[in-house]
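These notes concern the structure reproduced below.
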């Protein structure tokens, strides 16, 4: 019995030691697990914090970029709208000039058996050229409205604006030449040229002279409009 009692005591001591070791091991394992979980949680929280800061920074930068890009886009669109309005005004002005000159004629109330005193614009090739030039420029301005609308929709276009600058320059030169030549004829019709024995005809053909003089107004209005249109296109390109 004593031997069995000693063995039971030894077994109990061993079991108690094993239990103590297992408890100690569990405590160590538990502490390690807690530390790992805490580290992972802190790492996850740190990553979330960094991601949040990054997203916030990106949103701030995006907001700054959008704030910086929005005014430029608004300015370009405003320039395109102004370009559209000026082209409509120019088209109406050149159409009025062409119609006013092209319908100008006057007959004097007296005539002889063989001669009828009548003045028409097509008696002078310079005035015919003036009508043709204004008609071409009017047609161009109407067609260019399509590009102007395109620039309102897509304000970042560059190549089409360069094309408009080139065409506007050509049309401005054509209209300036036609209006200047017609102005010289109008001046001679009003004042004549005594050195060349060219006499004024406006004392007889008063209505004719008033019509051809008034038709020049629209053309000389459109010439500075073309300069403004070229500057607007150049400004819109520089904004890109």
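Residue numbers (full-length UniProt numbering): 1 to 240. Even glycine gets a Cβ: it sits at the ideal position worked out from N, Cα and C.
Quick one, are the C-beta atoms of residue i and residue j less than 8 Å apart?
i           : j           : result
residue 76  : residue 239 : yes
residue 83  : residue 232 : yes
residue 229 : residue 86  : yes
residue 185 : residue 124 : yes
residue 128 : residue 175 : no
residue 180 : residue 101 : no
residue 142 : residue 173 : no
residue 81  : residue 152 : yes
residue 182 : residue 126 : yes
Take the Cβ of residue i as the centre, count every other Cβ of all protein chains shown within 10 Å, and call the residue buried at 16 or more, exposed below.
i           : result
residue 134 : buried
residue 178 : buried
residue 161 : buried
residue 147 : buried
residue 37  : With a pLDDT of only 49 at residue 37, under the threshold of 50, the placement of this residue in the model should not be trusted; the figure read from the coordinates follows. Under this definition residue 37 is an exposed residue.
residue 187 : exposed
residue 236 : buried
Please return the same chain residues whose Cβ sits closer than 6 Å to the Cβ of residue i, not counting the five positions on each side in sequence.
i           : result
residue 93  : 218, 221, 222
residue 165 : 230, 233
residue 97  : 134, 215, 218, 219
If you drop the 5 nearest sequence neighbours on each side, which residues of the same chain put their C-beta closer than 8 Å to that of residue i?
i           : result
residue 190 : 200, 202, 209, 213
residue 167 : 140, 144
residue 105 : 118, 119, 120, 121, 208
residue 131 : 98, 101, 102, 121
residue 194 : none
Provide the residue(s) that pair with residue i in DSSP beta bridges, ordered along the chain.
i           : result
residue 206 : For residue 206, which the question treats as bridged, DSSP gives no partner whatsoever.
residue 105 : 120
residue 193 : 198
Take residue i and list the residues in its own chain whose beta-carbon comes closer than 7 Å to its own, dropping the five residues that flank it on each side.
i           : result
residue 150 : 157, 160
residue 155 : 73, 76, 77, 80
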